[in-house]
């Protein structure tokens, strides 16, 4: 017969099994939100700690990454924005350069045929193009394209209707496409 | 569907595999007949793939190491670290009480609960949460949650219909866990009280609650668990033992405890005197 301590250990093991595989994802989004490493690390730690404390509220069988990202966005909105820490730090250009270097997009050994349409887009160009997009569209794109969440999951993370997610993704991708085509004349594609 | 309709309303959702049914069929049919839209769909998917690769960053090992250290420290702080923070301090004292009493609780792992899920879903579809009407008399100057608890005890002591599989402690605990409620059951066998069965039902305010009835030797004890709404302790405690608060309330004895794991309240209700209820708990504690 298991004791309370055993059940707590079981909860903790479930947490490690469910949450830890998504750390890279959570870290990536923390970096994109906080825009500098120090704040991103704080945001990440706060998020993981909160996820641990509130893990009893996670529904097994649902998307754990979406659940942790919801906590991340809540933390970001409630804590970091209030304190003004979302402001871009003076070292942002250095941060972006290093981020690009670490990004898997810098790996030019792309084999996916569909990627050929934008095969010549370099990480700095993409970063610049993404930066041109208003934040609400950029975040929706990141959640769908990078975190691979469904529109419904994004609507829960951002607490907006699914229809809003759909329009933000559509608009965001359209703006990104225009920005890339306008900034990369060497791509040999017609302008939008 | 025409060209601009597809681009404006369906292209992104199509690339994101968010279309289904008629919308998907119409979109597929349009793309099959429109070379320009087919090219735009390929481009949209390429853009999606590009952003995906660009956004993926591996966590530096130093950051990961710091995170693991933080989690290890949190684990070392003990069980109280799990649960809603605002109630943490008081909750920990209750948790310590629970551990000291070492009552034999039954914890059914989630995997076991999953095995029961199909049967339980079926039961739910057959009217699981029927919500037997319970007439609650709220006493002036009383404690509303105790009025509710005693009203349910009075009804279920006379007429109890388990609505979860109740052949064993495991059945009941598994059904509770499946409903995201605590799976801990009391074992009062040492006091001559045996499990009658379990019931999931809603309180008058809509909160889901578990009702577990134990009977034996002409006595009954009912355990009611539900999510706490406030951290205010019920007034009028007559005895406190190891984090359990005991009350005499309108001819009933009630034992109140709180668990920060999920923020649940546990009420044991009986017609037995407080002293007897305390002994039952101590026996159950082994």
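Chains as they are written, first to last, in my numbering: chain U, 1 to 192; chain C, 1001 to 1286.
Note that CB positions come from ideal geometry on N, CA and C, so glycine has one too.
For clarity, every value in this text was computed on a predicted model and none was experimentally measured.
Assuming residue 157 (chain U) and residue 66 (chain U) form a contact by the criterion Cβ under 8 angstroms, report the distance between their Cβ atoms to the nearest whole angstrom. If you number the first chain from 1, residue 157 (chain U) lands on position 157. If you number the first chain from 1, residue 66 (chain U) lands on position 66. Rounded to the nearest angstrom, the Cβ distance from residue 157 (chain U) to residue 66 (chain U) is 6 angstroms, consistent with a contact under 8 angstroms.
C-beta neighbour in chain U for residue 1074 (chain C), strict 8 angstroms: Position 74 of the second chain holds residue 1074 (chain C). Any Cβ of chain U closer than 8 angstroms to the Cβ of residue 1074 (chain C) would place that residue at the interface, and such an atom is present.
Just confirm the distance between the C-beta atoms of residue 1203 (chain C) and residue 1226 (chain C), as a whole number of angstroms; I'd bet it's less than 8 angstroms. Residue 1203 (chain C) sits at position 203 when you count from the first residue of the second chain. Residue 1226 (chain C) sits at position 226 when you count from the first residue of the second chain. Between residue 1203 (chain C) and residue 1226 (chain C) the beta-carbon gap is near 6 angstroms, inside 8 angstroms, which marks them as a contact.
Would you kindly report the start and end of the unbroken alpha helix (DSSP H) that includes residue 41 (chain U)? On the first chain, position 41 is the one that residue 41 (chain U) refers to. Per DSSP, residue 41 (chain U) belongs to the alpha helix (DSSP H) from 37-53.
Contact with chain C by residue 41 (chain U), beta-carbon distance below 8 angstroms: Sequence index remark: in the first chain, residue 41 (chain U) carries index 41 (1-based). So, interface residue.
Please tell me whether residue 1044 (chain C) and residue 1015 (chain C) are closer than 8 angstroms, where the distance is taken between their beta carbons. Taking the first residue of the second chain as position 1, residue 1044 (chain C) is located at position 44. Taking the first residue of the second chain as position 1, residue 1015 (chain C) is located at position 15. The answer is yes: Cβ separation under 8 angstroms.
Can you list the residues of chain C that residue 164 (chain U) reaches, using a CB-CB cut of under 9 angstroms? One-based indexing of the first chain puts residue 164 (chain U) at position 164. The CB of residue 164 (chain U) never comes closer than 9 angstroms to any CB in chain C; the least such distance is about 13 angstroms.
Between the alpha carbons of residue 1026 (chain C) and residue 1042 (chain C), how many angstroms are there, rounded? The residue given as residue 1026 (chain C) occupies position 26 in the second chain. The residue given as residue 1042 (chain C) occupies position 42 in the second chain. About 17 angstroms.
Can you tell which of C:1072, C:1232, C:1055 and C:1170 has its C-alpha closest to the C-alpha of residue 204 (chain U)? No answer is possible for residue 204 (chain U): it lies beyond the span of chain U, which begins at 1 and ends at 192.
Run through chain C and tell me which residues come within less than 8 angstroms of residue 154 (chain U), C-beta to C-beta. Here residue 154 (chain U) refers to the residue found at position 154 when the first chain is read from its first residue. Contact of residue 154 (chain U) with chain C by beta-carbon distance below 8 angstroms is absent, the smallest such distance being about 10 angstroms.
Following the continuous alpha helix (DSSP H) through residue 151 (chain U), name the residue where it begins and the one where it ends. Residue numbering aside, residue 151 (chain U) sits at position 151 when the first chain is read from its first letter. Looking at the DSSP string, the run of the alpha helix (DSSP H) that includes residue 151 (chain U) is 151-158.
So the beta strand (DSSP E) residue 1305 (chain C) belongs to, where does it begin and stop? Outside the shown range of chain C (1001 to 1286) lies residue 1305 (chain C), about which nothing can therefore be said.
Are the C-beta of residue 145 (chain U) and some C-beta of chain C separated by less than 8 angstroms? Working through the first chain from its first residue, we reach residue 145 (chain U) at position 145. At least one chain C Cβ lies under 8 angstroms of residue 145 (chain U).
Who are the Cβ neighbours of residue 1215 (chain C) in its own chain at under 6 angstroms, not counting the five residues just before and after it? Within the second chain, the letter at position 215 stands for residue 1215 (chain C). The beta carbon of residue 1215 (chain C) sits closer than 6 angstroms to the beta carbons of 1196 from its chain, once the five residues preceding and following it are set aside; these are given in chain order.
Which chain U residues sit within Cβ distance under 8 angstroms of residue 1064 (chain C)? Stepping through the second chain from its first residue, residue 1064 (chain C) is reached at position 64. Correct list: 23.
Just to confirm before moving on: does the CB-CB distance between residue 52 (chain U) and residue 15 (chain U) stay below 8 angstroms? In the first chain, the residue the question calls residue 52 (chain U) occupies position 52. In the first chain, the residue the question calls residue 15 (chain U) occupies position 15. Yes, these two residues count as a Cβ contact at 8 angstroms.
Sorted by chain position, which residues of the same chain lie with C-beta nearer than 7 angstroms to residue 130 (chain U)'s C-beta, five sequence neighbours on each side aside? In the first chain, the residue the question calls residue 130 (chain U) occupies position 130. Leaving aside the five residues that flank residue 130 (chain U) on each side, the residues in its chain whose CB is nearer than 7 angstroms to its CB run, in chain order, 138 and 176.
Rounded distance between the beta-carbons of residue 1052 (chain C) and residue 145 (chain U), thought under 8 angstroms: Along the first chain, one-based indexing puts residue 145 (chain U) at 145. Along the second chain, one-based indexing puts residue 1052 (chain C) at 52. So it is a contact: roughly 5 angstroms between Cβ atoms.
Here's a check: name, in chain order, each residue in its chain whose Cβ is nearer than 8 angstroms to the Cβ of residue 40 (chain U), leaving out the five neighbours to either side. The residue you call residue 40 (chain U) lines up with position 40 of the first chain. Contacts found: 27, 30, 31, 33 and 34.
Give the single residue among C:1146, C:1194, C:1249 and C:1018 whose Cα lies nearest to the Cα of residue 169 (chain U). Counting from one through the first chain, the residue named residue 169 (chain U) turns up at place 169. Comparing Cα-Cα distances from residue 169 (chain U) to each of C:1146, C:1194, C:1249 and C:1018, the minimum goes to C:1018.
CA-CA distance, residue 21 (chain U) and residue 1252 (chain C)? In the first chain, the residue the question calls residue 21 (chain U) occupies position 21. In the second chain, the residue the question calls residue 1252 (chain C) occupies position 252. Approximately 50 angstroms between the Cα atoms of the pair.
So, is residue 1244 (chain C) buried or exposed, given that buried needs 16 or more other C-beta atoms within 10 angstroms? As a working note, residue 1244 (chain C) is residue 244 in the second chain. It is buried - the Cβ of residue 1244 (chain C) has at least 16 other Cβ atoms within 10 Å.
Alpha-carbon spacing of residue 1284 (chain C) relative to residue 1149 (chain C), whole angstroms: Working through the second chain from its first residue, we reach residue 1284 (chain C) at position 284. Working through the second chain from its first residue, we reach residue 1149 (chain C) at position 149. Going by the C-alpha atoms only, they are around 22 angstroms apart.
Are the CB atoms of residue 1200 (chain C) and residue 1208 (chain C) nearer to each other than 8 angstroms? Against the second chain, residue 1200 (chain C) aligns to sequence position 200. Against the second chain, residue 1208 (chain C) aligns to sequence position 208. For residue 1200 (chain C) and residue 1208 (chain C), yes; Cβs fall inside 8 angstroms.
Could you work out which residues of chain U lie near residue 1047 (chain C), taking near to mean beta carbons separated by less than 7 angstroms? Here the question's residue 1047 (chain C) lines up with position 47 in the second chain. Within chain U, the C-beta atoms nearer than 7 angstroms to that of residue 1047 (chain C) come from 118, 173, 176 and 177, in chain order.
Please state whether DSSP places residue 148 (chain U) in a helix, a strand or coil. The count along the first chain starts at 1 and reaches residue 148 (chain U) at position 148. If DSSP states are grouped into helix, strand and coil, residue 148 (chain U) belongs with coil.
Which residue's Cα is closest to the Cα of residue 1221 (chain C): C:1234, C:1155, C:1037 and C:1174? In the second chain, the residue the question calls residue 1221 (chain C) occupies position 221. Nearest to residue 1221 (chain C) by C-alpha distance, out of C:1234, C:1155, C:1037 and C:1174, is C:1155.
Please confirm whether residue 1012 (chain C) has its beta-carbon closer than 8 angstroms to some beta-carbon of chain U. Start at 1 with the first residue of the second chain, and residue 1012 (chain C) comes out as number 12. Output row for residue 1012 (chain C): interface = yes.
Rounded to whole angstroms, what is the Cα-Cα separation between residue 154 (chain U) and residue 1008 (chain C)? Position 154 of the first chain, counting from 1, holds the residue named residue 154 (chain U). Position 8 of the second chain, counting from 1, holds the residue named residue 1008 (chain C). Approximately 20 angstroms between the Cα atoms of the pair.
Tell me which residue opens and which closes the alpha helix (DSSP H) that residue 176 (chain U) is part of. Start at 1 with the first residue of the first chain, and residue 176 (chain U) comes out as number 176. Going by DSSP, residue 176 (chain U) is part of the alpha helix (DSSP H) stretching over 162-183.
Using a C-beta to C-beta distance shorter than 8 angstroms, which residues of chain C count as neighbours of residue 159 (chain U)? One-based indexing of the first chain puts residue 159 (chain U) at position 159. Those do not exist, as residue 159 (chain U) stays about 19 angstroms from chain C at its closest Cβ, beyond 8 angstroms.
Residue 1022 (chain C): buried (16+ other C-beta within 10 angstroms of its C-beta) or exposed? In the second chain, the residue the question calls residue 1022 (chain C) occupies position 22. Its Cβ having fewer than 16 others within 10 Å, residue 1022 (chain C) is exposed.
Any beta-carbon of chain U closer than 8 angstroms to the one on residue 1023 (chain C)? Counted from its first residue, the second chain places residue 1023 (chain C) at position 23. At a cut-off of 8 angstroms between beta-carbon atoms, residue 1023 (chain C) makes no contact with chain U.
Helix, strand or coil, according to DSSP, for residue 1291 (chain C) in the structure here? Residue 1291 (chain C) lies beyond the stretch modelled for chain C, which goes from 1001 to 1286, so this question has no answer here.
Cα-Cα separation, residue 104 (chain U) to residue 1054 (chain C): Here residue 104 (chain U) refers to the residue found at position 104 when the first chain is read from its first residue. Here residue 1054 (chain C) refers to the residue found at position 54 when the second chain is read from its first residue. Only weak support is given to the placement of residue 104 (chain U): the predicted model assigns it a pLDDT of 46, under 50, and the value that follows is read from those uncertain coordinates. Between residue 104 (chain U) and residue 1054 (chain C), the C-alpha separation is close to 6 angstroms.
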